[in-house]
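In UniProt numbering, the protein residues as written are 1 to 399.
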């Protein structure tokens, strides 16, 4: 501990941290006592209150608004292999309690007290994202800790996200340990999948909607289903597995739709799944023109709101998507409307659905609210760790 440099806070700037938060902002630092330019991205420091009392160990990002993140409130525990092994075991104990198959998000950054680290598990393959300079500097320790705790057959560093840019880190994708095939197996809600971890989006799969997809089962049995922004079939293939009579998966990516076909075939119901390649909004117009109708529509788009300044345009895009989707529903239809935009509040999504339904002169019932699964635990002090919304609504005639 004594070898670490100190990072001193201004008077009263420790209140938020004492209340449970983990982030330190640059305007909270006493830069006269501890100038931020004295630190390099990736350094660790001893965080001190204005009076000099130690508050914990932080990971430094001195050039960012969030200039430090708390790694440990115990000043004896710096980030090293030992702390990583401990945190991984704590994270693993939760996931093993929750899921009967080793397919889940094992580490979810700040919520698992490992800021800048994400680990997704696909049986004995691990896909790792290092989003901070501190985690990048300790990637050998991360690797050693993961091997010790999980004994995987392969570990992929999928370090190609934009989050690395703010930390001044290069983007790269590399197999860091063992062998990692281009497509890896996973199982979710009893349905088998293969995910393209090297070429696919993010880590190759989105475990965050697992519980919401499980809730599809009673709505889709024997029904005609439309899955918008389908990616490799997380929703659509599970709808078919839950007994849907017919599923249409729409995505702009031919590569993703190859994954849909691959996963539908893997489960033995390729004949019930149809892929439509193209812009989703254009596809919706064509389906409307062809007078196609569906019993269930799933709208789980990419984030339309990436920053606060995008809120107005993003909410307009959600309105356009959901209202157009409603036009394709049968008179007693179900819409599952999801969002991964952290800046879209659930009440605003609910209001978008209500406004859209009234514009179409339809009545609407809100049946279920969904959030991210417990392998993406929310840190109660950090609103940014809660981002998934899923609303299941029923559309009825106005009469």
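Cβ atoms here follow ideal geometry from the backbone N, Cα and C, with glycine treated the same way.
Separation of residue 18 from residue 1, as counted between CA atoms: Looking up residue 1 in the chain shown gives position 1. Looking up residue 18 in the chain shown gives position 18. Because residue 1 sits at a pLDDT of 48, beneath the cut-off of 50, its placement in the model cannot be relied upon, and the point is left open.
Integer-rounded CB distance, given that residue 105 should sit under 8 Å from residue 376: Numbered from 1 along the chain shown, position 376 holds the residue referred to as residue 376. Numbered from 1 along the chain shown, position 105 holds the residue referred to as residue 105. Their Cβ separation, rounded to whole angstroms, is 6 Å, which keeps residue 376 and residue 105 in contact under 8 Å.
Every unbroken beta strand (DSSP E) within the stretch 323-388, with a cutoff of 3 residues, ordered by chain: The beta strand (DSSP E) runs lying completely inside the stretch 323-388 and spanning 3 residues or more are 329-339, 362-370, given in chain order.
Simplified DSSP assignment, three categories, for residue 198: As a first step, residue 198 is located in the chain shown; it is residue number 198 there, counting from the start. DSSP places residue 198 outside both helix and strand once states are collapsed to three, so it counts as coil.
C-alpha gap between residue 152 and residue 238, whole angstroms: Walking along the chain shown from the start, residue 152 turns up at place 152. Walking along the chain shown from the start, residue 238 turns up at place 238. Going from the Cα of residue 152 to the Cα of residue 238 covers about 27 Å.
is_contact[residue 392, chain B] using C-beta, thresh 8 Å: Absent from the structure: chain B. Only one protein chain is present.
Helix, strand or coil at residue 44 [DSSP, three-state]: In the chain shown, counting from the first residue as 1, residue 44 sits at position 44. The answer is strand: DSSP assigns residue 44 an E or B state.
Of the residues 389, 364, 384, the one placed nearest residue 398, counting alpha carbons only: Working through the chain shown from its first residue, we reach residue 398 at position 398. Here the closest residue by C-alpha is 364.
Backbone CA spacing between residue 43 and residue 223 [nearest angstrom]: Stepping through the chain shown from its first residue, residue 43 is reached at position 43. Stepping through the chain shown from its first residue, residue 223 is reached at position 223. Cα atoms of residue 43 and residue 223: separation of roughly 55 Å, rounded to the nearest angstrom.
Cβ-Cβ distance between residue 275 and residue 261 below 8 Å: What you label residue 275 is simply residue 275 of the chain shown in a count that begins at 1. What you label residue 261 is simply residue 261 of the chain shown in a count that begins at 1. Closer than 8 Å, so yes.
Residue 296 and residue 333 closer than 8 Å at C-beta: Stepping through the chain shown from its first residue, residue 296 is reached at position 296. Stepping through the chain shown from its first residue, residue 333 is reached at position 333. Result yes, Cβ atoms of residue 296 and residue 333 sit closer than 8 Å.
Proximity below 8 Å, CB of residue 243 to CB of residue 225: Numbered from its first residue, the chain shown carries residue 243 at position 243. Numbered from its first residue, the chain shown carries residue 225 at position 225. Against a cut-off of 8 Å, the Cβ pair of residue 225 and residue 243 comes out as no contact.
Host alpha helix (DSSP H) of residue 72 (start-end): On the chain shown, position 72 is the one that residue 72 refers to. In the DSSP annotation of this structure, residue 72 is not part of any alpha helix (DSSP H); the continuous beta strand (DSSP E) holding it starts and ends at 66-72.
Segment limits, alpha helix (DSSP H) that includes residue 147: As a working mapping, residue 147 is identified with position 147 in the chain shown. Taken as a continuous stretch (DSSP letters only), the alpha helix (DSSP H) holding residue 147 covers 139-150.
According to DSSP, residues forming a beta bridge with residue 187: Position 187 of the chain shown, counting from 1, holds the residue named residue 187. The partner list for residue 187 (beta bridge, DSSP) reads 192.
7 Å CB neighbourhood of residue 16 in its chain, flanking five on each side removed: Here residue 16 refers to the residue found at position 16 when the chain shown is read from its first residue. Result list for residue 16: empty, nothing under 7 Å.
Separation of residue 53 from residue 339, as counted between CA atoms: Taking the first residue of the chain shown as position 1, residue 339 is located at position 339. Taking the first residue of the chain shown as position 1, residue 53 is located at position 53. Approximately 42 Å between the Cα atoms of the pair.
As assigned by DSSP and simplified to three states, the class of residue 120: Walking along the chain shown from the start, residue 120 turns up at place 120. The three-state reading of DSSP puts residue 120 in strand, counting E and B together.
Boundaries (first-last residue) of the beta strand (DSSP E) holding residue 239: Locating residue 239 in the chain shown gives position 239, counting from the first residue. Note, residue 239: premise wrong, no beta strand (DSSP E); alpha helix (DSSP H) at 236-241.
Pair within 8 Å by beta-carbon distance, residue 404 and residue 180: Here the chain comprises residues numbered 1 to 399, so residue 404 is not present and cannot be evaluated.
Three-way DSSP call (helix, strand, coil) for residue 95 in this model: Residue 95 sits at position 95 when you count from the first residue of the chain shown. Residue 95: helix per DSSP, three-state reduction.
For residue 255 and residue 301, the rounded distance between their alpha carbons: One-based indexing of the chain shown puts residue 301 at position 301. One-based indexing of the chain shown puts residue 255 at position 255. Between the C-alpha atoms of residue 301 and residue 255 there is a straight-line separation of about 17 Å.
DSSP-derived helix/strand/coil call for residue 251: Numbered from its first residue, the chain shown carries residue 251 at position 251. Assignment of residue 251 by DSSP, reduced to helix, strand and coil, places it in the strand class.
Closest by C-alpha distance to residue 3, when choosing among 78, 129, 149, 309: Taking the first residue of the chain shown as position 1, residue 3 is located at position 3. With distances taken between Cα atoms, residue 3 lies closest to 78.
Sub-8 Å separation of residue 203 and residue 142 beta-carbons: The residue you call residue 203 lines up with position 203 of the chain shown. The residue you call residue 142 lines up with position 142 of the chain shown. Cβ distance not < 8 Å, so residue 203 and residue 142 don't count as in contact.
Reduced DSSP category for residue 153 - H, G, I as helix; E, B as strand; rest coil: Indexing the chain shown from 1 puts residue 153 at position 153. DSSP places residue 153 in coil when its eight states are reduced to three.
Own chain, CB closer than 6 Å to residue 86, minus 5 neighbours either side, in chain order: Here residue 86 refers to the residue found at position 86 of the chain shown. Spatial neighbours of residue 86 in its own chain (CB-CB distance under 6 Å, excluding positions within 5 residues in sequence) are not present.
7 Å CB neighbourhood of residue 206 in its chain, flanking five on each side removed: Position 206 of the chain shown, counted from the first residue, corresponds to residue 206. Cβ within range, chain order: 234.
Residue 113 - DSSP class collapsed to helix/strand/coil: Translated into positions along the chain shown, residue 113 becomes position 113. Of the three classes helix, strand and coil, the one that applies to residue 113 here is coil, per DSSP.
Contact under 8 Å by Cβ, residue 294 with residue 328: Within the chain shown, the letter at position 294 stands for residue 294. Within the chain shown, the letter at position 328 stands for residue 328. The Cβ-Cβ distance between residue 294 and residue 328 falls below 8 Å.
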